[in-house]
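Notes to accompany the following structure.
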Amino acid sequence: MVIFPSAVIRGALMNLGIQSIVSVEIAIPQCTFQIRTAITTPNPNTPPGNPPNPVKQN
Numbered sequence: 003m004v005i006f007p008s009a010v011i012r013g014a015l016m017n018l019g020i021q022s023i024v025s026v027e028i029a030i031p032q033c034t035f036q037i038r039t040a041i042t043t044p045n046p047n048t049p050p051g052n053p054p055n056p057v058k059q060n
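Each position in the sequence shown, counted from 1, maps to that position plus 2 in the working numbering.
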């Protein structure tokens, strides 16, 4: 019932580069979403601006 809204919240934060855990507490007639976040860091092995699989040119 509340799986879809919590997935939408988590997906929106993921698109912004924010790793998160969304938990839901239901108490009729309301529900509470608790969001725990952590900023993700880019992979140090991939330099910024370079594609992950560069095409070799001869």
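Backbone N, C-alpha and C fix where the C-beta goes; we use that ideal spot for every residue, glycine too.
**Asked** In this structure, does DSSP put I30 in helix, strand or coil?
**Response** Correct three-state label for I30: coil.
**Prompt:** What three-state label does DSSP hand V10 in the structure shown?
**Reply:** In this structure, DSSP gives V10 a helical state, which the three-state scheme calls helix.
**Message:** Bridge partners for V24 per DSSP, in chain order?
**Reply:** Per the DSSP secondary-structure output, V24 pairs in a beta bridge with I37.
**Prompt:** So, is V24 buried or exposed, given that buried needs 16 or more other C-beta atoms within 10 angstroms?
**Reply:** Classification for V24: buried.
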